[in-house]
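Residue numbers (the working numbering): 10 to 241.
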């Protein structure tokens, strides 16, 4: 809230995003808050990576700016540090293996003992939750006014969230892949001045965080910053 205090909200928001991801509940709250303030007039700029929840935020924008070095990732929520889609895919594989060869049940018992019923239900709920609000953002923001908005959003959600397409929580989708799946992506290389400014800011932050103690920075163009430091 402090980072956007005093802004002229009518001008919209350019959000520079570099993140490995985070909590999906916090992601939904953040996007809903920014949408209300800026009337959904938001552009997300990704100088390097915006993975998992970062990809969800990117999907909430009207436009995504990426470079040849930039990546988004699967919108696969993690539960207790475990990729939810991976858990369900492993359960599905176990069921198929046991059905084809019942003798494998003892092998799978050892593997599946690490999961409890609560975790499995949480994974199912988290996946559906993420799909629901990201699809809503795509339809109402990135593809607002497009008669094919719902179909485009459904296709993108399937490609970003289905295990058969993503294969791994840490998979990276480059700019061309993001365009291929249907996202509204503009190349930062199309604007030399923007590219120089964006990468200069990004490199400054990476230099500041190289020391290892700073794990999170939220800052606006007026120098108002919130910094999280971890004790080593």
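Where a beta carbon is used, it is the ideal one built from N, C-alpha and C, also for glycine.
Simplified DSSP state of residue i, which is helix, strand or coil
i: residue 242; result: Residue 242 falls outside the range modelled here, since the chain spans only 10 to 241, and no answer is possible.
i: residue 23; result: strand
i: residue 73; result: strand
i: residue 180; result: coil
i: residue 238; result: strand
i: residue 80; result: strand
i: residue 58; result: strand
Nearest-angstrom beta carbon gap, residue j and residue i [assumed within contact, 8 Å]
i: residue 55; j: residue 97; result: Incorrect: roughly 28 Å between the Cβ atoms, too far for contact.
i: residue 71; j: residue 51; result: 6 Å
i: residue 68; j: residue 119; result: Incorrect: roughly 38 Å between the Cβ atoms, too far for contact.
i: residue 238; j: residue 223; result: 6 Å
i: residue 59; j: residue 28; result: 6 Å
Residue i - containing alpha helix (DSSP H), residue span
i: residue 161; result: 158-170
i: residue 64; result: 62-68
i: residue 103; result: 93-109
i: residue 195; result: Unbroken run through residue 195 is the beta strand (DSSP E), 194-196; no alpha helix (DSSP H).
i: residue 119; result: 114-121
i: residue 214; result: 201-218
Buried or exposed (CB count within 10 angstroms, at least 16 for buried), residue i
i: residue 170; result: buried
i: residue 64; result: buried
i: residue 38; result: exposed
i: residue 157; result: exposed
i: residue 152; result: buried
i: residue 92; result: buried
i: residue 114; result: exposed
i: residue 140; result: buried
i: residue 182; result: buried
i: residue 127; result: exposed
i: residue 175; result: With a pLDDT of only 48 at residue 175, under 50, the local geometry of the prediction cannot be trusted, and no value is derived from it.
i: residue 221; result: exposed
Residue i: first and last residue of the uninterrupted beta strand (DSSP E) it sits in
i: residue 226; result: 223-228
i: residue 54; result: 51-55
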